[in-house]
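Numbering (my numbering), first residue to last: 54 to 200.
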């Protein structure tokens with residue numbers, strides 16, 4: 054259907070945007086609902102190839118790469134996001150998680166503070182989840198119910 058519309062209406066640019074958003078949201082579902090960062094990365098990479106430099110897609114690619122323990126790749130995506138939007142609190146928060154995983158706690162705290170300075174109270178929800186023993190990072194969720 055996509056290719057049919059693209060062929061019949063080549064000047065209609067919204068179709069590419071809509072397809073990219075569909076792949077992005079599919080990637081979000083794979084990452085956060087299905088706990089499948091590999092499938093998330095594939096969908097998000099497709100979204101990025103159709104609509105490059107979409108901030109949400111890039112941040113989700115950072116999350117997916119970090120969930121696959123590809124921290125350098127994840128940080129590269131976060132850096133791209135921050136170059137486009139230096140006031141994106143969620144990216145600073147996600148970056149802080151990477152620094153925590155790497156044992157760089159001073160940097161982790163700096164990035165948490167930056168996220169909170171941009172959007173006061175932003176990290177509180179996540180910190181409360183952590184205090185209750187709930188996962189912050191998606192790959193820490195169990196993939197199936199305990200037996």
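C-beta atoms are modelled at their ideal positions from N, C-alpha and C, and glycine is treated no differently.
Just so it is clear, the structure is predicted and the values come from calculations on it, not from any experiment.
Asked	Found
Contact check, residue 103 vs residue 76 under 8 Å by CB: the rounded distance?	7 Å
Hey, could you find the ends of the alpha helix (DSSP H) residue 136 is sitting in?	124-137
Just the C-alpha distance for residue 74 and residue 124, rounded to the nearest angstrom, thanks.	25 Å
Over what stretch of residues does the alpha helix (DSSP H) that includes residue 90 continue unbroken?	90-103
Buried or exposed, going by whether 16 or more other CB atoms sit within 10 Å of the CB of residue 69?	exposed
Can you give me the start and stop residues for the alpha helix (DSSP H) that residue 141 sits inside?	Here residue 141 belongs to no alpha helix (DSSP H), and DSSP marks it neither H nor E.
Taking DSSP as the reference, what is the three-state secondary structure of residue 156?	coil
Check whether the Cβ atoms of residue 114 and residue 97 sit closer than 8 Å, and answer yes or no.	yes
Determine the burial state of residue 101: buried for a count of at least 16 other Cβ atoms within 10 Å of its Cβ, exposed for fewer.	buried
When the Cα of residue 88 is compared with those of 168, 170, 133, 118, which residue comes out closest?	118
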